[in-house]
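Note that the protein sequences, when read in sequence, are chains A and B.
Counting along the first sequence from 1, when you hit position 173 you're at 173 in full-length UniProt numbering, and nothing is skipped either side.
Counting along the second sequence from 1, when you hit position 169 you're at 169 in full-length UniProt numbering, and nothing is skipped either side.
I have placed the structure first, in the form of structure tokens, so that the comments after it can refer back to it.
2 protein chains.
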Amino acid sequence: MTVREDAGAVEPRKRKRVTIADIAERAGVTSGAVSFAVNGKRGVSDATRARILDVANELHWRPSHAAQTLMGKNAETIGLVLSRPEEVIGEEIFFAKFIAGVQSVLSQRGYSLQLQMAADIASEISIHENWIADGRVDGVLVLDPRVDDPRVRALAGLEYPTIVVGGEVETETVRSVHVDNGGSMRLIVEHLFALGHRRIAYVTGDQSFWHIQQRMDAFAEFCIDNGVWGHTLAGNFDPAIAKDATKRLLASPEPPTALVYDSEVMAIAGMSTLAELGVAVPADVSLVSWEDSTTCQVLHPTLTALNRDAVTLGKIAAAEMLQLLAHEPVEQPPVEAAIVQRESTAPPR
Amino acid sequence: MTVREDAGAVEPRKRKRVTIADIAERAGVTSGAVSFAVNGKRGVSDATRARILDVANELHWRPSHAAQTLMGKNAETIGLVLSRPEEVIGEEIFFAKFIAGVQSVLSQRGYSLQLQMAADIASEISIHENWIADGRVDGVLVLDPRVDDPRVRALAGLEYPTIVVGGEVETETVRSVHVDNGGSMRLIVEHLFALGHRRIAYVTGDQSFWHIQQRMDAFAEFCIDNGVWGHTLAGNFDPAIAKDATKRLLASPEPPTALVYDSEVMAIAGMSTLAELGVAVPADVSLVSWEDSTTCQVLHPTLTALNRDAVTLGKIAAAEMLQLLAHEPVEQPPVEAAIVQRESTAPPR
DNA sequence: CTGAAAGCGCTTACAG
DNA sequence: CTGAAAGCGCTTACAG
């Protein structure tokens, strides 16, 4: 990138920075003494410490972050790379909620979040490597783990503090936020089963994600064990695909009496498709969204949804990271999930 | 924060870093020569430059970000503070879309985004000040400007590169992404007027925002000039308040025949309230959402919405910032907005 | 074109 | 308890 120095200068004003040398001079001590004083370390008498601190405040001194980093101080920043397509990030409210949760815990502790979007897993890994090499982040959060995820392998190899959200890996430097996807799926299917449904369809998100595979397994197992006929159809989080899937399912000679969608956007797309087809919810078919939101509460009919609270998930992930960095035992609270029963589910005809 | 050194160490492995001194030694030159070589500056012959570069690659050298920052190099990072309540950020899809747009432009140019949430405007300002003092960011993006916004005043006073999204300030260091809120509001009201509506209500977002005030002004002016009766009701982006506002409006002896909501979440809340009241959309009342989304497209009826594409807005903001930092003339392309007509608007009874 | 050296702002052994 | 000095990894005048 070429910086043209000729054009109108917008360089932040180069106010000469106040350094510990300035303080040292004013206080009549050495810069080393200032360092001890401001860092609360022994090496200066209480009287001089107080005097130094006064001067520092008077001069509005702030430590140079760059110099401290050069001396090996932590960046106090956590990295998060989002590697889903731009459209998905812009539609799925999950990301905004998750980030909000992460932020709220981080900023309480003075940490900040470094965020970047990546086109694919490979570039996500290289972003992580750059951050690590630059010392820009103290640790990273990994979302949407896959089976034997290459990012987690790379990060574990670098022995870099990592929290895998919805993963299962546990090493010295890598911890996971455990999310019971199978249990949540059972919650949903049991709810439908209890209502009397025996033909259930599941429209999935991206099947290469580990958490989606867990859901699929739990779905299949429950159906088999309980004599329920279950269809599983790939959806990929795309509402257009969810619409097609819904049409195909209802055109079947043996249509399902209940539909489960892997995301709110997909569930809404499915509901709208049913309306177009003249299929009544819940009279003709019941519908469940995996992911709750205000929208689910205000739609008509309101949507029965699995509420797992992405904000809390973000908070847990951030808290685990902070504990990992502080060498504290990492508490891994269960991620609560509950089915919120609303109007879109009822006994089948 | 206490760091306990006793527990299991999760410090990133302290691999001794490869420095320019290492390269210098291997290549038989001074570290100054290495610096010239790797930075493409004159001062070394082509032959030595090539040799040095070879050694650098061989040793997998990467410049120390901290050292470079200490020498005054840019952080290549842009800051963004979100100071709306956590719930709003977690519900309004605007933020995720805007951030996605910002990211896509920034990451193409090797810049990253520093994100933080703040409880209020005052702490937003202090976050900015910290970032600036730490040299963590080269410039900042400001969202939701208010009239005579204190953040913008502070940033302008610091002469720090700033892009105000939806603002109007233009100084040497502060530029704005101009958003024609009044024009967009006219688009909406003209659409309703053309359909024959003469009693229109507008449920607003947070009225302390400059862009909301612009919308309100344009709404009032259009109504007055065209003999339309217009109600304006404060909504504050809260769906519960939007519901109450909707109920109050429809309970009026002179209920409006069309409703305009300042956000998608509010519009959906409004629509659901209408359904509860047994008011048909669009037969009894028309409805417009300021903010388009997939959800608007799949609801039943589909929602007529103002589409202003928050992703593009983010891209424009990021592009302006990069131009400002590069001392290039800042292009300020108009932010396109269009009304997408769907099923929720029709002529009144 | 090249080399030796000072400096960015801090921290931390190491002697007194 | 205190002071003088080296060092973190780079950049950049300043002499040759």
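Glycine residues also receive a C-beta, built at the ideal position from the N, C-alpha and C atoms.
Could you round the C-beta distance between residue i and residue j to whole angstroms and report it? I think they count as a contact, below 8 Å.
{"i": "B:Glu264", "j": "B:Glu291", "result": "4 Å"}
{"i": "A:Asn307", "j": "A:Ala338", "result": "5 Å"}
{"i": "residue 353 of chain A", "j": "A:Tyr261", "result": "Because residue 353 of chain A is not part of the residues shown, which for chain A are 1 to 349, the question remains open."}
{"i": "B:Ile23", "j": "B:Ile52", "result": "6 Å"}
{"i": "A:Ala319", "j": "A:Val105", "result": "6 Å"}
{"i": "A:His231", "j": "A:Ala201", "result": "4 Å"}
{"i": "A:Val203", "j": "A:Gly135", "result": "Not confirmed; about 44 Å, so no contact."}
{"i": "B:Leu324", "j": "B:Pro161", "result": "5 Å"}
{"i": "A:Ser272", "j": "B:Leu274", "result": "17 Å between Cβ atoms; not a contact."}
{"i": "B:Ala156", "j": "B:Val174", "result": "5 Å"}
Should residue i and residue j be called a contact, given that it needs their Cβ atoms to be closer than 8 Å?
{"i": "B:Pro282", "j": "B:Pro256", "result": "no"}
{"i": "A:Gly139", "j": "A:Met321", "result": "yes"}
{"i": "B:Val165", "j": "B:Leu141", "result": "yes"}
{"i": "A:Leu187", "j": "A:Ser286", "result": "no"}
{"i": "B:Thr295", "j": "A:Thr295", "result": "yes"}
{"i": "A:Ala245", "j": "A:Val102", "result": "no"}
{"i": "A:Lys97", "j": "A:Val311", "result": "yes"}
{"i": "A:Ile93", "j": "B:Glu87", "result": "no"}
{"i": "A:Leu313", "j": "A:Val177", "result": "yes"}
{"i": "B:Ala33", "j": "B:Val18", "result": "no"}
{"i": "A:Thr150", "j": "A:Ile125", "result": "Correcting the residue type first, residue 150 of chain A is Pro in the shown sequence and not Thr. Cβ distance < 8 Å, so A:Pro150 and A:Ile125 count as in contact."}
{"i": "B:Arg26", "j": "B:Ala37", "result": "no"}
{"i": "A:Asp309", "j": "A:Arg349", "result": "no"}
{"i": "A:Arg62", "j": "B:Ala133", "result": "yes"}
Does residue i get closer than 8 Å to chain A when you measure Cβ to Cβ?
{"i": "B:Ala346", "result": "no"}
{"i": "B:His128", "result": "no"}
{"i": "B:Ala318", "result": "no"}
{"i": "B:Thr246", "result": "no"}
{"i": "B:Phe209", "result": "no"}
{"i": "B:Ile20", "result": "no"}
{"i": "B:Val34", "result": "no"}
{"i": "B:Glu91", "result": "yes"}
{"i": "B:Lys16", "result": "no"}
{"i": "B:Ala9", "result": "Because B:Ala9 sits at a pLDDT of 38, beneath the cut-off of 50, its placement in the model cannot be relied upon, and the point is left open."}
{"i": "B:Ala122", "result": "no"}
{"i": "B:Ala218", "result": "no"}
{"i": "B:Glu331", "result": "no"}
{"i": "B:Leu53", "result": "no"}
{"i": "B:Gln108", "result": "no"}
{"i": "B:Ala67", "result": "yes"}
{"i": "B:Ser286", "result": "no"}
With a cut-off of 8 Å, does the C-beta of residue i fall near any C-beta of chain B?
{"i": "A:Thr312", "result": "no"}
{"i": "A:Met185", "result": "no"}
{"i": "A:Gln341", "result": "no"}
{"i": "A:Leu299", "result": "yes"}
{"i": "A:Ala70", "result": "The question names Ala, but residue 70 of chain A is Leu in the sequence shown. So yes, A:Leu70 belongs to the interface."}
{"i": "A:Pro239", "result": "yes"}
{"i": "A:Met1", "result": "Residue confidence is low: A:Met1 scores 35 on pLDDT, short of 50, so the model does not pin down where it sits. No coordinate-derived value is stated."}
{"i": "A:Ala305", "result": "no"}
{"i": "A:Ala337", "result": "no"}
{"i": "A:Trp278", "result": "Note that residue 278 of chain A is Gly in the sequence shown, not Trp. By this cut-off, A:Gly278 is not an interface position."}
{"i": "A:Glu86", "result": "yes"}
{"i": "A:Val265", "result": "yes"}
{"i": "A:Lys97", "result": "yes"}
{"i": "A:Gly135", "result": "yes"}
{"i": "A:Met321", "result": "no"}
{"i": "A:Ala283", "result": "no"}
{"i": "A:Arg4", "result": "With a pLDDT of 35 at A:Arg4, under the threshold of 50, the modelled position of that residue is not reliable, and no figure is offered here."}
{"i": "A:Ile163", "result": "no"}
Checklist entry - Counting Cβ pairs, one atom from each stretch, are 3 or more of them under 8 Å apart for the region 204-224 of chain A and the region 175-185 of chain A? => result yes
Item to check | Inside the region 174-249 of chain B only - alpha helix (DSSP H) runs reaching at least 4 residues | outcome: 181-195, 210-226
Next on the checklist: Using a Cβ distance threshold of 8 Å, determine whether the region 213-230 of chain A contacts the region 240-251 of chain A, with at least three qualifying pairs required.
Outcome noted: no
Next on the checklist: Measuring CB atoms only, is the region 79-90 of chain B touching the region 111-121 of chain B, in the sense that at least three cross pairs come out at less than 8 Å?
Outcome noted: yes
Item to check | Segment contact flag, the region 320-336 of chain B with the region 118-130 of chain B, C-beta cutoff 8 Å, min 3 pairs | outcome: no
Checklist entry - Three or more C-beta pairs closer than 8 Å, one from the region 61-69 of chain A and one from the region 62-71 of chain B: is that the case here? => result yes
Item to check | alpha helix (DSSP H) runs wholly inside the region 10-52 of chain A, at least 4 long, in chain order | outcome: 20-27, 31-38
Checklist entry - In chain order, which continuous runs of the alpha helix (DSSP H) of length 4 or greater are located wholly inside the region 60-110 of chain A? => result 65-70, 86-91, 93-108
Checklist entry - What are the uninterrupted segments assigned as alpha helix (DSSP H) that are 4 or more residues long and contained completely in the region 137-170 of chain A, given in chain order? => result 150-157
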